[in-house]
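Here's the structure we're looking at; comments come further down.
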Amino acid sequence: MSSDAMAIPSGQAAGRPWVEVLHEWVTTVDHKRLGILYIVYALLFLVVGGVEAMIIRIQLMHAHSDFVSPQVFNRLFTMHGTTMIFFVAMPILFGFANYLVPLMVGARDMAFPRLNAFSFWLSAIGGFLLYFSLLGGNGLYGAGNAPDVGWWAYAPLTARAFSPGHSSDYWTVAVLVSGFGSIGTAINLIATILSQRSPGMTLGRMPLMVWLTLVMSGMVLSAIGPLSAAQIMLLIDRYLGGHFFDTQAGGSATLWMHFFWIFGHPEVYVLILPCFGIMSETIPVFSRKPIFGYPVMVGASVCIAFVSSSVWAHHMFTIGMNSYANSFFAITTLAVGVPTGIKIFNWLGTMWGGRILFRVPMLFSIAFLFQFLIAGLTGIMLGSAAFDSQLNDSYFVVAHFHYVIVGGILFAVFAAFYYWYPKMTGRMLNESIGKLHFWLFVIGFHLTFDVMHFPGLLGMPRRIYTYEPRPGWEILNFLVTIGAFIQGAAILVFVFNLIFSYFKGKKAGNDPWDAWTLEWSVSSPPPPYNFASPPMVTSRRPLWDRKHPEDPDSNYE
Amino acid sequence: MSAISTPLSETPAVWRLPYRGTVGMACLITAESFIFTIFVVAYLHNLGKSLTGPTPEQVLETPIFYTICLLSSSLTIHLAARFLKLGRRGAFLALWLLTIVLGGLFLYGTGHEWHRLIYERGLTISTNLFGTSYYSLVGLHASHVTVGLIMLSVVLLFGLAGSFGREQSARIETLSMYWHFVDAVWVVVFTVVYVIGR
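If you read the sequences in order, they're chains A and B. So the first sequence is residues 1 to 557, counted in my numbering. So the second sequence is residues 1001 to 1198, counted in my numbering.
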C-alpha cells in the first residue's frame, strides 16, 4: 500500500516537490481529500465572513458611529450572510458528509467520484465569483462593487434600475453555480448511500449520521431546485429584459419572496439535519450507550424534512397574506417542534443513565442541546403570526437565527471537528486548548446572542447602519460587540489548535474514542481505498460486534 | 491498517443494491422537477397579468405534430434499450437514430414557432410578462431537449464506431430515463401553455 504517497499532506510529503503535491490535491477524486478540501475552503470563508461580522459589530457598538459608511455596511451584511450560508455552512457539512459517509457505509468511495470533484470545484468557483465582485462589480457604471441587496435579495431591489452595475449579478451567478455544486453533491451522497453500502448494512442498520445525510440530500434536491429556478428568472430579468419580478409590467415582487423562501427555510434544515447526525454519533459514544430510540429518530428526521418544506411563508407574515395563509404557515411552523422535540428527548434518553465522558466533543454536544432548544423556543415565538408582526425584521429575529446557526450548527460542527479530527489527520486535537476554546466560545456566544434579543424587543430593526442613542440600546449593543470579540478570540484559539495539534498532537490510533461505527475500524487517516475487503455488517454497531464477539448487538436487534 | 475480518461472517444470502446510475438519474430528475415546478407556477401565476399584448390567445398555435414526434420518441428509445438488452445492435442503432430524428424534429418545431412569434407577431422575451414566462418555460424545456439530443448523439457515435454492446445496457437505461423525463415535462408544459393558458 502506498501510504506515503497518498497520506495527508505536508509532514509526510516532505521531499516531494510541492507542485506535485498541489497537482495531486487539485486533480483528486478521492472522497476523503475532497472532504478535506471542502472543510478547509469553508474554514477560509469562515474567517472572511467572521471579519465581516466583526466590522458590522464595531460599527454598531455605539450610536451614531461612522466606522464604515452606510453603503459599505449594506455590502457587509449581504456578503456576511451569503458567505456564511453558502460558502461556510453548506461546504463544511458537505465536507464532513463526503469524508464520512463512504467510510460509515463501508464503501471505497462515493458513487460518482468525478462528479464529486466537479461539485466541489463548482462550489469553490461560486465563492470565488462572489468575492471577485469586489474587483469586477463596478462594471461600466462606477456604481458599487460588492452585492448590497441583502442575502435574500428581494425584488425590486435587484432590478436594473436599483442595482446598476454587476454587483447583483455576481451574487446571482455565485449562488446559482454553488447551488449546482450542491445538487451534484446531494445526488452523489444519495447514490452512495443507496447503492454502495457494504453487505449487511441494511437501511435500518445505517449510522444515524448517514440517515440524516440521506434526508438532508433529499432536501437539497427539493430546496436548491427552486432557488436555481428563481436565480435563472432573475438573470432573465436583468439580462434579457424579462418581467418576472418587475411590478411595472405586471410581474410580482412577492413571487420572488415565495421562491426564495421555498428554498430559504428548508435550507435551515439542510444545515441542521447533518448536525443532528453529528449529535447522534457523539452523544452515544460519550455516554457509552447505544442511541435511544433509533427507529423513532429516523422517523422524526424524515418527518422534519416533510413538515419543514411547507413552512416557508412564516418569513413573510408581514407582507399581507390572507389570514388563512398566515394560520396555515403558523400551524405548520409550530408542528416542526414536535419531531424536533422527539429528537431532543431521544438524545437526553441516550445520556440518561449513561457513563458520560466530558471530553471536548461531548461538551460541544451538550451545549448544542441547550442552545438548540432555546433557539427552537424563540422560533416557536416567531412562528406565531401575531407575535411575528411585532418583531419581524428586528434584532430579535437576528438573535433567533444566529442562535440556530451559531449555537446549533456551529457548535455541532465544532463537536464534529474534535471528534473526527483524529480520524482525518491521525492526531488528537489538544484537549486543554479545546476546553479553552469551548469555554471562551460559550461565554462569547451567550454574551452576544442572548443579549441581542433585547434590542430587538426594544424595537431595534435589523440592517440599520447606525441608530439613535435610545434608552438601553447603547449598552446592549456594546455588550453584544464585546461578546463578538470573545467569540473571535475563541475562533483564533480553535485555529491555533488545528495547526498546533496537526504537528504536535497525540497520536490517535485507529479508534481513540472506543467508538462503534465503521470509520474507526480503519487506520487514521484511512488508506486511499478505505477497506481492503467490504466489511460485513450484522448490526447497527459493527465495530462493537467486532470488539465484543461474545455479546454482539445482532443478538438483540 | 486492519482489514476487516469480522468474526461474525454472516454474509447475507443475497446482497443487491440498486444501480448507482439509476439512483443518480432519479435524483437529478427530482431536482429538475423542482426547477420546472417553479417555472410552471410562475407561468400560471402570470397568466392574464400582462399589461400589454400580445396575449396567448392571439398568438399561440398548438404544435400537435411536433408534440406527437416528441412523445413517440419515448417509445422508440424504450424499444431501442430493449433491443440493446437482447443484443440486437442493428435494431438498437436504427431506433436510436429514429429517436434523435424525432427529438430533432421537435426542436425544429420549437424554433419554427419562436421564429414565427418573433418576426410575425412581434413577441419577444421582453415584450410583456407573457413573453417572459412563455420563452422561459418553453426555452428551459427546449434546452433540456438539446442536452438530451447531444447525449443521444454521443451514444450514436459510439454505437456506430462499434464500441458498444449489451454491457452498456444499464447506462442506456439511465439515459433513457432522462429522455422520458424530458417528454413527461413536455406533457405538463403543453397542458399549461397550450390548454390552460389559452
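Note that CB positions come from ideal geometry on N, CA and C, so glycine has one too.
Straight-line spacing of the CA atoms in residue 477 of chain A and residue 53 of chain A works out to 14 Å. From the listed residues A:32, A:425, A:310, the smallest Cα separation to residue 500 of chain A is found for A:425. Within chain A, no C-beta atom comes less than 9 Å from the C-beta of residue 1085 of chain B; the nearest is roughly 20 Å away. For the pair of segments examined, the region 352-360 of chain A was found not to touch the region 391-410 of chain A: the number of CB pairs separated by less than 8 Å stays below three.
Fully enclosed beta strand (DSSP E) runs of no fewer than 3 residues are not present anywhere in the region 1026-1054 of chain B. Per DSSP, residue 32 of chain A has no beta-bridge partner at all. Residue pairing by DSSP places residue 394 of chain A opposite A:461 in a beta bridge. With fewer than 16 other CB atoms across the displayed protein chains lying within 10 angstroms of its CB, residue 1044 of chain B is exposed. Under the Cβ criterion of 8 Å, residue 1096 of chain B is not counted among the residues facing chain A.
Counting only Cβ-Cβ distances below 8 Å, residue 1143 of chain B has no contacts in chain A at all, with the closest Cβ about 10 Å away. Taking the CA atoms as reference points, residue 1055 of chain B sits about 41 Å from residue 270 of chain A. Rounded to the nearest angstrom, the Cβ distance from residue 82 of chain A to residue 171 of chain A is 7 Å, consistent with a contact under 8 Å. Here residue 427 of chain A is bridged, per DSSP, to A:507. Sequence-distant partners of residue 1171 of chain B (beyond 5 residues in either direction) whose C-beta falls short of 8 Å from its own C-beta, in its chain, are 1021. Beyond the five residues adjoining it in sequence on each side, residue 1145 of chain B comes within less than 7 Å, by CB distance, of 1103, 1106, 1107, 1182 in the same chain, given in chain order. Per DSSP, reduced to three states, the secondary structure at residue 1126 of chain B is coil, with no helix or strand assignment.
Every alpha helix (DSSP H) of 4 residues or more that sits fully in the region 27-101 of chain A is shown, in chain order, as 31-60, 70-82.
Secondary structure of residue 1121 of chain B (DSSP, three-state): coil. When the alpha-carbon of residue 179 of chain A is set against those of A:85, A:325, A:352, A:528, the nearest one is in A:85. Per the Cβ contact rule, the region 192-210 of chain A is not in contact with the region 143-156 of chain A (fewer than 3 Cβ pairs under 8 Å). With the criterion set as a beta carbon lying under 7 Å from some beta carbon of chain A, the region 1064-1085 of chain B has no members that meet it. Among the residues of chain B, those whose CB is under 7 Å from the CB of residue 228 of chain A are 1035, following chain order. C-alpha of residue 530 of chain A to C-alpha of residue 542 of chain A: approximately 16 Å in a straight line. The count of Cβ pairs closer than 8 Å, one atom from the region 1081-1097 of chain B and one from the region 1057-1065 of chain B, stays below three, leaving the stretches out of contact.
No Cβ of chain A is located within less than 8 Å of the beta carbon of residue 1180 of chain B.
Taking a 10 Å sphere around the C-beta of residue 481 of chain A, we find 16 or more other C-beta atoms and assign the residue as buried.
Between residue 452 of chain A and residue 399 of chain A, the beta carbon gap of about 4 Å places them in contact (Cβ cut-off 8 Å). Just measuring C-alpha positions, the residue of A:186, A:103, A:164, A:104 sitting nearest residue 120 of chain A is A:186.
Rounded to the nearest whole angstrom, the C-alpha separation of residue 39 of chain A and residue 414 of chain A is 12 Å. Here residue 29 of chain A really is in contact with residue 113 of chain A; their C-beta atoms are around 4 Å apart, less than 8 Å. At the C-beta level, residue 250 of chain A and residue 1157 of chain B stay beyond 8 Å of one another. Residue 516 of chain A and residue 56 of chain A have their C-alpha atoms roughly 44 Å apart. Here DSSP, grouped into helix, strand and coil, assigns residue 550 of chain A to coil. When 8 Å is used as the limit between beta carbons, residue 111 of chain A is near these residues of chain B: 1020, 1023, 1024, in chain order.
Here residue 504 of chain A is exposed. Its C-beta has fewer than 16 other C-beta atoms within 10 Å. Interface with chain B (8 Å Cβ-Cβ cutoff): residue 252 of chain A is included.
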